[in-house]
Every structure is written in C-alpha cells, then in structure tokens.
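Notes for the one structure printed next.
2 protein chains.
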Amino acid sequence: MFGIVGDPIAQVRSPEMITWEFHRRGIDALLVPLHVPVAEFDTVMPALMRLPNFGGFVVTIPFKTRALAFANHLGLQAQVLGSLNLLVRRSDGSWGGDILDGMGCVAAFQNRGIPIEGRRLMIVGLGGAGGAIACAMAARQPARMRLHDLNPQRCAFIQSCIARISPATVVDIGPPTIEGMDILINASPVGMLEDARLPLEVQTLPSDLVVFDAIVMPEQTPLLALAEHCGCTVVRGREMMLGQIPKLVDGFLSPDGI
Amino acid sequence: MFGIVGDPIAQVRSPEMITWEFHRRGIDALLVPLHVPVAEFDTVMPALMRLPNFGGFVVTIPFKTRALAFANHLGLQAQVLGSLNLLVRRSDGSWGGDILDGMGCVAAFQNRGIPIEGRRLMIVGLGGAGGAIACAMAARQPARMRLHDLNPQRCAFIQSCIARISPATVVDIGPPTIEGMDILINASPVGMLEDARLPLEVQTLPSDLVVFDAIVMPEQTPLLALAEHCGCTVVRGREMMLGQIPKLVDGFLSPDGI
Chain W
437 MFGIVGDPIA
447 QVRSPEMITW
457 EFHRRGIDAL
467 LVPLHVPVAE
477 FDTVMPALMR
487 LPNFGGFVVT
497 IPFKTRALAF
507 ANHLGLQAQV
517 LGSLNLLVRR
527 SDGSWGGDIL
537 DGMGCVAAFQ
547 NRGIPIEGRR
557 LMIVGLGGAG
567 GAIACAMAAR
577 QPARMRLHDL
587 NPQRCAFIQS
597 CIARISPATV
607 VDIGPPTIEG
617 MDILINASPV
627 GMLEDARLPL
637 EVQTLPSDLV
647 VFDAIVMPEQ
657 TPLLALAEHC
667 GCTVVRGREM
677 MLGQIPKLVD
687 GFLSPDGI
Chain Y
437 MFGIVGDPIA
447 QVRSPEMITW
457 EFHRRGIDAL
467 LVPLHVPVAE
477 FDTVMPALMR
487 LPNFGGFVVT
497 IPFKTRALAF
507 ANHLGLQAQV
517 LGSLNLLVRR
527 SDGSWGGDIL
537 DGMGCVAAFQ
547 NRGIPIEGRR
557 LMIVGLGGAG
567 GAIACAMAAR
577 QPARMRLHDL
587 NPQRCAFIQS
597 CIARISPATV
607 VDIGPPTIEG
617 MDILINASPV
627 GMLEDARLPL
637 EVQTLPSDLV
647 VFDAIVMPEQ
657 TPLLALAEHC
667 GCTVVRGREM
677 MLGQIPKLVD
687 GFLSPDGI
C-alpha cells in the first residue's frame, strides 16, 4: 500500500495513475488518497508513517515543505529546494524524501527526444513546480538559464540552487525573453483555466523554439496555441505529469536509492 | 475510502470482498487494509479517524474490544458484548460502532431459508465470534439455547447478554449435546486447519439437524464432513463471512443507523 497525502485531495490523479503503473509492472500494489487536514498534519502524518503495510507517500499541496521534517535522508533536489513530494520507508526503517516534480518535466523532454544539455532555457515562474523544474533541468546541464519570477528573493534562491546542482550553467535573472533561447518554459499560473494571457509579451515565436507549459488545465494554453500556430515544438503539462509517474514508482520500489 | 484495521493484516479478505460489494451496488468506494501495530493502536487509530475522506473502518483482531473506546454511539450487540467490528463516521461527525460478526451467521441462515425463530440451538464456543453469533441468533428469538465454552464466566456473561436481547429464550449452560436440538453451531476453534477433532463427542448426527461451523479454513471441517455424511443440512463458515459483507456495506452507507 502507498498513499498520497494532501489537503484538498479530490483533485489528485496519482491514485489511478500510479496504481496503473504498478499493475503495468506486474506489482500488486495500490496508491490511495489520504486527506490530511492542514491543522492535523503534524499528528496524522507520523501516525500514517507507522502503518507497516504502507511503504511510502506522495506528498502534495500544501505539505511539500512541512513534510521535510519527517525525512531522515533527502535527495539533492529536496535538499536544495527545501521541499519534497515523495516519502519512502527505507529497508532500515528510516525515511527517505525527494522532490520529483521537475523530473517529470525532464522525462517529458526525454520521451520526446528533445535534448537539454548545452541548450539555453528561459523559465517563467519559480513557485513549487517552477523551482523543481529549474533544478531538474539544471541537473541535465544546459549551457544557460534565465530565471523570471515576480518574487526577486525566490529568483535569487533558485539561482543559488542551480549553482549547486550545475556550476557550469550560466544563470541570470531577468525579464521573460525568447531572444537567444532554445527552450521556453512556463511554470507560472498565467494561462491557467480561463486566463487568456500569455506569460510573456510576444506576438510570434520562432519555429525552432521548444515551448513547454506546466499547466495541465486547459491542455491547450494560450501560449501553446500560439506556439503551435508558429510551428514550434510543443510539450504539454500532461506529459510532465505522466513523465513523473514512473519516477515515483521507481522511488517506491527502490526506497534505499534516496 | 474505508479501511480495515488489524494486526496482523495479511489474512484479511474484506478489501476485495467489500470493495466488490461497493462496486456491485454502483458505488465508487474502496476498502483498504491498514496494518496498525498492537502497540500503536491508541495513537494511530484516532489519527486514521481524522482523515476526512475515510468514512469508516472494519475492526478486526485484536482490536475489537479496544476500539470500543473510540465510538460515541453503540449498537445493542456491541453494547452487550463490549466489542465492535464496525466503526462509522455519522453525519454529525460522531462515531458509531457495532459488531456484525453474528449478523453474518444469521444472514447465512436466512439466505438458505433456514428458520431460527422458535428453534433449539446448541452453541459450542463463545469467544469473539461465538459470543456475537449467540447474540445475533438470540435476536431472532429461538425457543431455547444451550451454551458451552471452556470458560464458565464467559458462559454466564453471554447468558446475561441473551437475556437482555431475547428475554423469552430459555438459555442454559451445559456440555455440548445434540439431543433435543434443531441447530448445532460450532464457534470453537476445534476442527480448524489440521485439527481432526470434533467439537463434541458424537458418532453420528440425526439427518434433520442443521449443522453450522464458523471455521473458514478448512471449508470442510471434520464436523461438517460427518454432518454431510449423515444427511444433515450444512451451513459453512464461508457463508457467514459472505453474509456479513452486505451488512458491513449497509453500515458504511447508512452510518446514522447505528
């Protein structure tokens, strides 16, 4: 048994997606939704961790930072970001934690055969997902990354994270641009649901640009619609979500790897 | 979401049987195994009860008595027996508890069209299952019940329970017998697994006797083998287990009924 812990919980898709991935691999396991109210997290989470037939948890909003206190070992990205979304019981009974949100984005690029190493990335939005994407992309050693977020402290923090993960990558902080960029990543909420705006001011995009949008709903964001119209290679939020599933299952099945 | 709480947990069959019953009724619900170590019950159980997306729990060995402390309202059988195997969140947020073990036995008899009212029952073994069976059978108002257990205090206690549930039933305590009986119930462990013994000393059984054995493994106990050989009507432990499933689901779906 495995669980996903969050508040609210009704929106999560991990129970069916991760359970499906277990079954695809011939493993008799199940991931179930565990709704832990915000005010109860510090008492309920340790109780859930004492269920011997639960091998680990996906941790989602709003617990990714608070869950850090329950991990005895942290993966590099969880260490630098100060948050986790995977908590697994290791063979010695201790708990390992890591954040795989960004790995899903990297996997989506890999699955499409789009290289990251040596390329130039513009990342717009450095919240929970954006920070994780920036760090995971950095681990693939791009030549250059430009970061943009409305919060300048967050920009500086993620810049320092990237410096630890990939010292050779040139990182600057600045306004969103596509000039001199190979890959444009939107991890901001601009374009989500009914929001018709673009996350940066452009009329057109060069056709050799790769455009990724972390937004899952709608599948076709205003940015992706423009990118498709301009002949760009388009990578969707859903591909990132799907890309993370095997990584989470790998983490559950090899908990000592963290 | 619903759970079954026990220690150990690997042997439980409720997750598939109750989940199947939910789906048979067109209800999108799941019952999952929650292994709560004996030493952790008093801290882990209240934490599980704070998960808003869990509507209730089946409680199994060894927690049926300890779980009583967590129920705000108790059904009559749970009150008299001092134990429960169903714990449900009521619409006002309080918790109701009841013990349905014996209801499964009654349902098995009903499903086979075997009347209990006005009949004479011999019950051998008054442990957790036997006590619940005795009380549930008493609620169907048999004419007479004889009770046998190695523990005389348990006999006296169950006799007093029956007196509260069905004052008109004549109850005595004595050695196992089939003389003057219509229904023989074995709820003792005699005959379980490799045990080749009978729960009472007999060479043969009258063909008009109804013989029930609460043992699930093996399906064909020595007692049931003899009963079948003698042409008796035979009711099996598996029928009791199956008979309880709809009652548990009814309890989950109508929690205010307790």
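So the protein sequences, as listed, match chains W and Y. First residue of the first sequence: 437, per the working numbering; consecutive thereafter. First residue of the second sequence: 437, per the working numbering; consecutive thereafter. Cβ coordinates follow ideal geometry from the N, Cα and C atoms, glycine included. Since the model is a prediction, treat every value here as computed from it, not as a measurement.
Shortest Cα-Cα distance from V647/W to any of M653/W, L662/W, M628/W and M453/W involves L662/W. Within chain W, V468 and P469 have C-beta atoms less than 7 angstroms from the C-beta of M437/Y, given in sequence order. Neighbours of P691/Y in chain W, taken as residues at a C-beta separation under 7 angstroms, are lacking, since the least C-beta distance is about 17 angstroms.
In the structure shown, the three-state DSSP call for M437/W is coil. Under the DSSP assignment, L583/W falls outside any alpha helix (DSSP H), being part of the beta strand (DSSP E) whose first and last residues are R580 to H584. A direct Cα-to-Cα measurement between P488/W and A475/W gives close to 24 angstroms. Residue pairing for V474/Y: DSSP places it in no beta bridge. The beta carbon of P578/W lies closer than 6 angstroms to those of I552, R555, L557 and T605 in the same chain, with the five residues before and after it left out.
At least one CB of chain Y lies nearer than 7 angstroms to the CB of L487/W. Within its own chain, the residues whose Cβ lies closer than 6 angstroms to the Cβ of A514/W, once the five positions on either side in sequence are excluded, are L520, G533, D534 and I535, listed in chain order. Residues of the same chain with a CB within less than 7 angstroms of the CB of D443/W, apart from the 5 flanking positions on each side, are H471, V472, P473, V474 and P498 in chain order. Neighbours of P473/W in chain Y, taken as residues whose beta carbon is under 8 angstroms from its own, are R486 and P488 in chain order. G492/Y is bridged by DSSP to F438/Y and V524/Y.
Contacts with chain W at 7 angstroms (Cβ-Cβ) include V480/Y. If you draw a 10 Å sphere on the C-beta of W456/W, you find fewer than 16 other C-beta atoms in it, and that means exposed.
The Cβ atoms of D537/W and A568/W lie closer than 7 angstroms to each other.
The beta carbons of L523/Y and A505/Y sit no closer together than 7 angstroms.
Assigned with DSSP and collapsed to three states, G627/Y falls in coil, not helix or strand.
For N547/Y, the enclosing alpha helix (DSSP H) covers residues D537 to N547.
By the C-beta density criterion, M653/Y is exposed, having fewer than 16 other C-beta atoms within 10 angstroms. When CB distances to chain W are screened at a threshold of 9 angstroms, not a single residue of the stretch 493–512 of chain Y falls below it. Excluding five sequence positions before and after F438/Y, the CB atoms of its chain that fall closer than 8 angstroms to its own CB belong to I454, A465, L466, L467, V468, F490, G491, G492, F493, V494 and F688, given in chain order. Distance from the CA atom of D692/Y to the CA atom of G511/Y, rounded to whole angstroms, is 11 angstroms. With contacts defined as CB atoms closer than 7 angstroms, G561/Y and S643/Y fail to qualify as a contacting pair.
The beta carbons of R582/W and D608/W sit about 5 angstroms from each other, so the pair counts as a contact at 8 angstroms.
For I445/W, the residues of chain Y that pass the 8 angstroms Cβ criterion are N489, in the order they occur in the chain. Within the same chain, and ignoring the five residues on either side of P682/Y in sequence, the residues whose Cβ sits closer than 7 angstroms to its Cβ are E457.
DSSP places P658/Y in the helix class (H, G or I) of the three-state scheme. In the structure shown, F648/Y adopts extended strand secondary structure according to DSSP, grouped into three states.
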